[in-house]
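**Student:**
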Amino acid sequence: MAVSSSTVSASVPPFLCCNTTKIPSFKVPRHTPLRLCNAKRTQIWVKRSCFNSTITAKVAQQSDLQYRKLGDSDLQISEITLGTMTFGEQNTEKEGHEMLSYAFENGINALDTAEHYPFPMKKETSGRTDLYIASWLKSQPRDKVILATKVCGYSERSAHLRDNAKVLRVDAVNIRESVEKSLKRLNTDYIDLLQIHWPDRYVPLFGEYFSDSSKWRPSIPFVEQLKALQEVIDEGKVRYIGVSNETSYGVMEFVHAVDLVEVCHPKNCNIGLLSYSPLAGGALSGKYLDINSEAAKKGRFNLFPGYMERYNKSIAKVYMKQQCNILRWRKSTD
């Protein structure tokens with residue numbers, strides 16, 4: 001699902017995050033308004049030139065989807081977008097094309113990929129998702145597709161994505177190589193939204209719930225990351241930039257960095273949100289409800305039949321009812 005600045009002499013772009021903030025605007029000497037969006041899982045936008053990505057009236061009339069302006073950018077993005085994390089791992093190229101076509105025929109106008117997709121990350125399959133998208137894009141008007149991709153954050157296990165690197169960092173060299181290779185795989189000359197997939201600094205992520213101080217490491221300064229991103233924007237290779245899997249601290253540090261270098265920034269914390277996995281990994285689609293289906297046999301919850309049992313016991317129902325009554329009372333006093 002997707003919901004989704006001004007003038008300055010500095011050349012560093014503002015960050016848009018998954019929960020964003022608006023700041024007073026001023027004017028930029030070229031068309032480069034930058035934006036902030038999102039906070040918990042975040043994305044940021046910077047404008048490189050005046051592209052028009054509005055949805056045609058015909059498509060809008062055919063679809064029940066709503067379209068939202070992303071931050072204060074010129075992007076009108078469908079409230080549901082298509083993620084492609086498993087394209088090339090759980091489907092064929094033909095099936096991928098069918099899914100993409102079905103989505104866009106029904107009003108979706110944005111898709112999301114990443115340089116290391118499909119997932120799980122493997123050297124032999126990295127980039128296959130982009131290739132599936134590229135072959136589909138050949139039959140589509142490029143300006144009708146909002147294309148988002150991501151550059152990896154710090155990683156010691158993804159060196160195969162770079163020509164000469166043992167560790168991936170969010171610095172100018174890595175960002176440039178990532179963008180160049182993504183453009184080549186996707187067979188396009190620009191990316192609508194480039195996001196930092198996860199932070200360069202140490203942050204507990206992907207199942208790690210508590211911070212481990214022993215894992216602290218020096219990180220690329222926020223301003224340096226922004227300057228590197230500004231370069232690919234100025235070259236016309238990227239329209240907007242964003243962050244993903246970022247913390248509220250990281251989001252605000254990017255905002256602060258933008259202030260320090262006097263770059264365009266969002267007004268009034270105007271943060272847009274692109275939340276991923278809104279269907280809970282497919283659980284909310286209903287495909288696991290038939291216990292005899294192939295999907296259900298592979299579903300993790302079905303391997304542990306007693307997992308949800310505690311929520312169905314009478315004592316649990318009593319407490320849930322009490323909580324509901326408390327909520328009703330609280331709402332009635334508003």
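Residues in the sequence shown are numbered consecutively from 1, following full-length UniProt numbering.
Just so it is clear, CB atoms sit at the ideal spot from N, CA and C, and this is done for glycine as well.
Treat the numbers as computed from the prediction; the structure is a model and nothing was measured.
Going by the beta-carbon positions, is the gap between Arg162 and Asp200 smaller than 8 Å?
**Tutor:** Along the sequence shown, read from residue 1 onward, the residue named residue 162 stands at position 162. Along the sequence shown, read from residue 1 onward, the residue named residue 200 stands at position 200. Contact flag unset, no.
**Student:** Just verifying my parser: in three-state terms, what is the DSSP assignment at Tyr240?
**Tutor:** As a first step, residue 240 is located in the sequence shown; it is residue number 240 there, counting from the start. DSSP places Tyr240 in strand when its eight states are reduced to three.
**Student:** Helix, strand or coil for Ile233, going by three-state DSSP, please let me know.
**Tutor:** Counting from 1 along the sequence shown, the entry for residue 233 is found at position 233. Ile233: helix per DSSP, three-state reduction.
**Student:** At a threshold of 7 Å, does Tyr132 count as lining the ligand FAD (C-beta to nearest heavy atom)?
**Tutor:** What this structure holds is no ligand at all, so the ligand FAD is not there to describe.
**Student:** Less than 8 Å between the C-beta atoms of Leu186 and Leu137, yes or no?
**Tutor:** Locating residue 186 in the sequence shown gives position 186, where the first residue counts as 1. Locating residue 137 in the sequence shown gives position 137, where the first residue counts as 1. Yes.
**Student:** Name, in chain order, the residues that DSSP records as bridge partners for Ala148.
**Tutor:** Numbered from 1 along the sequence shown, position 148 holds the residue referred to as residue 148. Partner(s): Asp112, Leu193.
**Student:** When the cut-off is 8 Å and only beta carbons count, does His256 lie next to chain D?
**Tutor:** Absent here is chain D; the protein component of the structure consists of one chain.
**Student:** What separation, rounded to the nearest whole angstrom, lies between the Cα atoms of Ile315 and Leu327?
**Tutor:** Within the sequence shown, residue 315 is the residue found at index 315, counting from 1. Within the sequence shown, residue 327 is the residue found at index 327, counting from 1. C-alpha separation (whole angstroms): 19 Å.
**Student:** To which residues of the same chain is Gln322 closer than 8 Å at the C-beta, ignoring the five residues directly before and after it?
**Tutor:** Locating residue 322 in the sequence shown gives position 322, counting from the first residue. Here the set comprises nothing.
**Student:** Taking all protein chains shown into account, do 16 or more other C-beta atoms lie within 10 angstroms of the C-beta of Ala114, making it buried, or fewer, making it exposed?
**Tutor:** Looking up residue 114 in the sequence shown gives position 114. It counts as buried.
**Student:** Could you compute how far the alpha carbon of Glu294 sits from the alpha carbon of Tyr249?
**Tutor:** On the sequence shown, residue 294 is found 294 positions in, with the first residue counted as 1. On the sequence shown, residue 249 is found 249 positions in, with the first residue counted as 1. Computed Cα separation, rounded: 42 Å.
**Student:** Within the continuous beta strand (DSSP E) that includes Ile77, where are the two ends?
**Tutor:** Looking up residue 77 in the sequence shown gives position 77. Unbroken beta strand (DSSP E) run through Ile77: 76–78.
**Student:** For Tyr288 and Asp234, what's the separation of their Cα atoms in angstroms?
**Tutor:** As a working note, residue 288 is residue 288 in the sequence shown. As a working note, residue 234 is residue 234 in the sequence shown. When rounded, the distance between both Cα atoms is 47 Å.
**Student:** So if DSSP puts Lys69 in a beta bridge, which residue, or which two residues, is it bridged to?
**Tutor:** In the sequence shown, the residue the question calls residue 69 occupies position 69. Beta-bridge pairing links Lys69 to Gln76.
**Student:** From Asp189 to Leu183, what does the alpha carbon distance come to, in whole angstroms?
**Tutor:** Here residue 189 is taken as the residue at index 189 of the sequence shown, counted from 1. Here residue 183 is taken as the residue at index 183 of the sequence shown, counted from 1. Cα-Cα distance, rounded: 6 Å.
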